[in-house]
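Our numbering applies: residue 82 is where the sequence shown begins, and numbers increase by one.
Every residue gets a Cβ at the ideal spot worked out from N, C-alpha and C, and that includes glycine.
Worksheet for the structure shown next.
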Amino acid sequence: MIEQSDVAHSIQKAVIPAAGLGTRFLPAAKAQPKEMLALVDKPAIQYVVEEAVQNGITDILIITGRGKESLENHFDRSLELEHHLERAGKHELLAEMRAIAQLADIHYIRQGEPRGLGHAVSMAHQHVGDQSFVVMLGDDIMHEKSGILAGMLAAHDRHRASVLALKKVTPAEISSYGSVAATDLEESLVRVHDLVEKPTPEEAPSNLGVMGRYVLTPGIFEAIAQTKPGRGGEIQLTDAIKLLLGTEPVYGFTFTEGRFDVGNKLDYLRATVELALERDDLGPAFRAFLEARLSRP
Ligand code: G1P
82 MIEQSDVAHS
92 IQKAVIPAAG
102 LGTRFLPAAK
112 AQPKEMLALV
122 DKPAIQYVVE
132 EAVQNGITDI
142 LIITGRGKES
152 LENHFDRSLE
162 LEHHLERAGK
172 HELLAEMRAI
182 AQLADIHYIR
192 QGEPRGLGHA
202 VSMAHQHVGD
212 QSFVVMLGDD
222 IMHEKSGILA
232 GMLAAHDRHR
242 ASVLALKKVT
252 PAEISSYGSV
262 AATDLEESLV
272 RVHDLVEKPT
282 PEEAPSNLGV
292 MGRYVLTPGI
302 FEAIAQTKPG
312 RGGEIQLTDA
322 IKLLLGTEPV
332 YGFTFTEGRF
342 DVGNKLDYLR
352 ATVELALERD
362 DLGPAFRAFL
372 EARLSRP
């Protein structure tokens, strides 16, 4: 059972883009979606759906594409598996499997052509309508106690504007992220003045990078419609947010802790170790193994 936070906010819908080919994760992502790769024993996308639900958002649109059918199967009932678990008397596991299908009201739409993150988000227009909404990228897993999304939702409601999750990275790392120019407003909140998608360290307006959570106003759809192909020939969400700055303010919620990057192999390994160490059932034995292993050459 996922506990929902009791903080009230106005956002009702989340969009999870999951149409990417996962080329940074081959060969594991060749015949299965990268979103289904397990972190300990749970697929990455389930962490993201649970984060939305914890924050009171249960209407979720997943943008999928060819070869992503297992995402739909994961969040659906599996009667055969349920019968098997029932017959085997594995009641706890049975309840856990049923709960996954009841987590949220999940909708799916296919992107068709992989034309970039901005294009993927534009596919959500009809579902989202004329309301602000959240975009949650599956390469970023936020710790359940991080409070990052909750802080962003509160900032959106206070300022009635888009809010991006921002974290300082090293100059070498900034070329993997959208980079922003921003000025401080209050604790954990900045006003964004410019954005550049995956700049070189020299081009980067700052070392504040966008971390895969966005609360966006519906104005983003018009901005995406006007966005020309950018980096990699794709319609970039970062470029659309830069256009949005011409018509409305955009804020950033800054944080330092609580994000696991699962977007590349080394960071995925780090995330797996961190999450396994935190588990009550696995953590102590895993820690003992790591300590013993690292004391050997
Ligand atoms: C995307 C965005 C980038 C953002 C990043 C966060 O890039 O384009 O601006 O900083 O997600 O994870 P991707 O990692 O999908 O290439």
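- Query: Is any heavy atom in the ligand G1P found nearer than 7 angstroms to the beta carbon of Gly259?
  - Reply: Walking along the sequence shown from the start, residue 259 turns up at place 178. Under cutoff, so the answer is yes.
- Task: Give the straight-line distance between the Cα atoms of Leu174 and Pro108, rounded to the nearest whole angstrom.
- Result: To locate residue 174, count along the sequence shown from 1; it is residue 93. To locate residue 108, count along the sequence shown from 1; it is residue 27. The C-alpha of Leu174 lies about 30 angstroms from the C-alpha of Pro108.
- Spatial neighbours of Ser257 in its chain, beta-carbon cut-off 7 angstroms, leaving aside the 5 residues before and after: Reading the sequence shown from its first residue, position 176 is the one you call residue 257. Result list for Ser257: Lys279, in chain order.
- Opposite His172 in the DSSP bridges: which residues? Position 91 of the sequence shown, counting from 1, holds the residue named residue 172. Within the DSSP secondary-structure output, His172 pairs in no beta bridge.
- Which parts of the segment 282 to 322 are runs of the beta strand (DSSP E), unbroken and 3 residues or longer, counting only runs that do not cross its ends? 289 to 297
- Beta-carbon spacing of Val209, Pro299 below 8 angstroms: In the sequence shown, the residue the question calls residue 209 occupies position 128. In the sequence shown, the residue the question calls residue 299 occupies position 218. Result yes, Cβ atoms of Val209 and Pro299 sit closer than 8 angstroms.
- Message: Does the contact criterion of 3 or more C-beta pairs under 8 angstroms hold for the segment 94 to 114 versus the segment 135 to 148?
- Response: yes
- Message: When you measure from the CB of Gln113 to every non-hydrogen atom of the ligand G1P, does any distance come out below 7 angstroms?
- Response: In the sequence shown, residue 113 corresponds to position 32, counting from 1. Outside the cutoff, so no.
- What do you reckon, are the CB atoms on Ser243 and Ile322 nearer than 8 angstroms? Position 162 of the sequence shown, counted from the start, is the residue given in the question as residue 243. Position 241 of the sequence shown, counted from the start, is the residue given in the question as residue 322. In this structure, Ser243 sits near Ile322, with a CB-CB distance shorter than 8 angstroms.
- Message: Using 8 angstroms as the threshold, is the C-beta distance between Pro38 and Lys171 below it?
- Response: Outside the shown range of the chain (82 to 378) lies residue 38, about which nothing can therefore be said.
- Item | DSSP bridge partner residues for Arg179 (one or two, in chain order) | The count along the sequence shown starts at 1 and reaches residue 179 at position 98. DSSP output for Arg179 lists no bridge partner at all.
- Item | Touch test, the segment 246 to 262 against the segment 157 to 164, Cβ-Cβ under 8 angstroms, three pairs minimum | no
- Is it the case that the CB of Gly387 approaches a heavy atom of the ligand G1P more closely than 7 angstroms? Since the first residue of the chain shown is 82 and the last is 378, residue 387 is not available in this structure.
- Task: Run the proximity test for Asp361: is its beta-carbon closer than 7 angstroms to any non-hydrogen atom belonging to the ligand G1P?
- Result: Here the question's residue 361 lines up with position 280 in the sequence shown. Answer for Asp361: no, Cβ out of range of the ligand G1P.
- Message: Can you tell me where the beta strand (DSSP E) holding Arg374 begins and where it ends?
- Response: Position 293 of the sequence shown, counting from 1, holds the residue named residue 374. Element bounds for Arg374: not the beta strand (DSSP E) but the alpha helix (DSSP H), Gly364 to Leu375.
- Message: Looking at the ligand G1P, does it come within less than 7 angstroms of Gly344, judged from the CB to the closest heavy atom?
- Response: For the purposes of this step, residue 344 is identified with residue 263 of the sequence shown, where counting begins at 1. Yes.
- Message: Using only CA atoms, which one of His224, Lys94, Ala119 and Val250 lies nearest to Gly290?
- Response: If you number the sequence shown from 1, residue 290 lands on position 209. Nearest neighbour of Gly290 by Cα position, chosen from His224, Lys94, Ala119 and Val250, turns out to be Val250.
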